[in-house]
């Protein structure tokens with residue numbers, strides 16, 4: 018959720034600092050007051066394009082900073098993996114826009130890219146306006162939305178992996194059937210395979226040889242240093258230890274005896290160390306022939322690596338590929354027959370999982386349709402019908418289903434794709450109903466509605482307000498509205514004011530207490546703050562808040 022926002026020198030806003038709670042927050046104000054400015058600012062935080070026109074006239078730069086409290090565990094893990102400290106799930110996005118139109122973006126006070134911020138925030142914040150066409154209208158996302166409702170992740174993974182296993186065999190078979198290798202191809206492939214095999218590579222060999230080569234290249238320096246150490250130990254340190262512990266061992270004092278024993282231990286440890294250094298020197302004998310052999314071997318290994326993939330693992334994969342190609346040429350008919358058998362088995366395995374997923378999807382699609390229809394009825398769309406249309410296809414990594422959401426808004430009207438639905442108030446209610454169902458499924462934590470209640474009034478407006486309130490039980494909801502019944506349903510209410518004099522115009526946003534809310538509701542509903550208007554507004558507020566039937 019958006020915990021707080023700071024906006025400075027943004028269009029008509031001088032400076033605003035607001036803190037938000039969970040639930041539904043309404044923003045109202047007179048036409049032209051700039052009710053949507055705050056939503057525009059949040060849009061900039063979300064990664065929308067910034068430009069010089071956003072900087073308040075006469076100012077050098079605009080600043081927008083938002084603090085998001087992230088509850089999306091997978092997103093927190095991604096941010097931490099990307100190097101951002103996510104203490105208590107707090108994410109701070111800052112964008113600065115200069116009067117020249119340049120912008121700087123920061124994530125938790127570190128410079129980042131707009132594209133990164135857009136990818137992150139789009140997963141938790143959804144901004145919807147009256148003419149917005151988002152993922153809900155786009156048929157390409159409908160299968161994903163259905164699967165979020167179905168919640169069969171393990172089965173979807175099985176479909177994904179069995180399809181790719183099937184596709185791999187199919188591609189190999191098609192390549193074998195379409196291939197037309199000649200003798201030259203076979204000769205070249207065989208040459209490559211022999212070149213790899215004759216190199217007799219071992220996985221860790223290159224590292225071992227390079228270490229050995231470095232040691233031999235440093236032979237003179239190492240041998241000189243080790244010899245100096247041996248001389249010092251043998252001539253000074255080792256005899257000195259003996260001369261120190263021997264006299265102490267004969268003295269009649271327990272503490273001195275203990276010290277003598279410690280020195281004696283060091284003496285014999287030093288003796289072992291001198292022996293180890295001598296062994297090291299014996300193994301350090303420099304052999305020019307061995308040195309040249311190691312260099313040649315390293316050159317050969319690197320050459321093979323360069324030609325066939327870059328490292329041992331890649332070379333081995335290339336070898337398997339070459340082996341398969343040669344086998345498919347030499348035993349083409351046998352290879353094709355085997356692949357056809359494997360393909361049938363892989364296809365059956367994939368289709369079994371895909372059909373199982375299909376059956377579950379169809380069953381859950383009916384539940385989802387009933388749920389959506391109930392939301393639409395709550396929004397005074399009593400005759401709306403919603404159906405998830407299935408089309409069976411050949412199959413891909415997502416199964417054998419192509420789905421599209423279909424809707425009929427009026428009695429007797431045929432079902433048609435969501436993308437062809439009517440505009441205006443009808444579409445607004447449809448989108449609100451869909452978002453009530455899908456917001457939690459998509460993991461959205463904050464949903465913003467910017468005047469989507471245009472073209473409605475009366476009972477429908479009240480229904481929209483209550484539906485937003487219901488949605489706010491699972492996600493933070495902001496709404497910019499010009500309707501009193503919608504604003505009355507909010508948990509918190511902010512008024513957007515525009516102040517103008519001969520030289521300047523600026524917009525301010527203020528939090529309203531209960532009494533101030535009633536006065537604003539009266540003003541919205543009737544354009545008056547008369548005693549009757551205030552009484553009606555109070556009644557509306559109490560009904561909306563559940564204080565009165």
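Residue numbers (our numbering): 18 to 566. Idealized CB from N, CA, C, for every residue including glycine.
Residue 155 by DSSP, collapsed to three states: which one? coil
Sub-9 Å separation of residue 83 and residue 114 beta-carbons: Judged by beta-carbon spacing, residue 114 lies beyond the 9 Å limit of residue 83, meaning their Cβ atoms are not closer than that value.
Tell whether a beta-carbon distance below 9 Å holds between residue 592 and residue 258. In the structure as shown, the chain starts at 18 and stops at 566, and residue 592 therefore has no counterpart that could be examined.
How about the segment 173–190 and the segment 450–464: do they share at least three Cβ pairs that are nearer than 8 Å? no
Give the DSSP-derived three-state secondary structure of residue 133 in the structure shown. helix
Check whether the Cβ atoms of residue 481 and residue 500 sit closer than 9 Å, and answer yes or no. yes
Between residue 163 and the rest of its own chain, which residues show a CB-CB distance below 8 Å, the 5 nearest in sequence each way excluded? 378, 381, 382, 385, 405 and 420
What are the start and end residues of each continuous beta strand (DSSP E) run of 3 or more residues lying completely inside the segment 424–483, in chain order? 463–467
For residue 42, the first and last residue of its enclosing beta strand (DSSP E): 41–45
Since residue 64 contacts residue 144 with CB under 8 Å, what's their CB separation in whole angstroms? Not quite, the Cβ-Cβ distance comes to about 11 Å (not below 8 Å), so this is no contact.
Beta carbon of residue 58 nearer than 9 Å to that of residue 498: no
Quick check on residue 327: does DSSP put it in helix, strand or coil? coil
Three Cβ pairs or more, each shorter than 8 Å: is that satisfied between the segment 522–539 and the segment 474–491? no
Quick check on residue 100: does DSSP put it in helix, strand or coil? coil
Backbone CA spacing between residue 125 and residue 458 [nearest angstrom]: 27 Å
Under three-state DSSP, which class holds residue 257? helix
Distance, residue 296 Cα to residue 240 Cα: When rounded, the separation of the alpha-carbon atoms in residue 240 and residue 296 is 12 Å.
What separation, rounded to the nearest whole angstrom, lies between the Cα atoms of residue 388 and residue 454? 8 Å
Could you have a look at residue 419 and say whether DSSP puts it in helix, strand or coil? strand
Close-in-space but distant-in-sequence residues of the same chain around residue 368 (CB under 8 Å, 5 per side omitted): 412 and 417
Where the alpha helix (DSSP H) through residue 372 begins and ends: Counting along the chain, the alpha helix (DSSP H) containing residue 372 begins and ends at 349–395.
When you compare each of 28, 433, 515 and 347 to residue 196 by their alpha carbons, which one comes out closest? Comparing Cα positions, the closest option is 347.
If contact is defined by three or more beta carbon pairs under 8 Å, each pair taking one atom from either stretch, is the segment 327–347 in contact with the segment 129–143? no
Where does residue 85 sit, in a helix, a strand or coil, going by DSSP? strand
Under the assumption that residue 503 contacts residue 478 (Cβ atoms under 8 Å), give the Cβ distance between them as a whole number of angstroms. About 6 Å; that satisfies the 8 Å criterion.
Tell me the DSSP secondary structure of residue 18 in three-state form. coil
Could you check which residue in 331, 513 and 496 has the C-alpha nearest to that of residue 507? 496
9 Å Cβ cutoff met for residue 451 and residue 469: No. Outside cutoff.
For the beta strand (DSSP E) that contains residue 404, what are its first and last residues? Note, residue 404: beta strand (DSSP E), 402–413.
Consult DSSP for residue 126 and reduce its assignment to one of helix, strand or coil. coil
Is the segment 358–372 in contact with the segment 163–177, if contact means three or more CB pairs nearer than 8 Å? yes
Would you kindly report the start and end of the unbroken alpha helix (DSSP H) that includes residue 194? Under the DSSP assignment, residue 194 falls in the alpha helix (DSSP H) whose first and last residues are 170–195.
Own chain partners of residue 166 with C-beta closer than 7 Å, once the 5 adjacent residues on each side are dropped: 381, 385 and 458
Report the partner residues of residue 517 according to the DSSP bridge assignment. 522
Check residue 553 in the structure and name its three-state DSSP category. helix
Residue 94 - DSSP class collapsed to helix/strand/coil: helix
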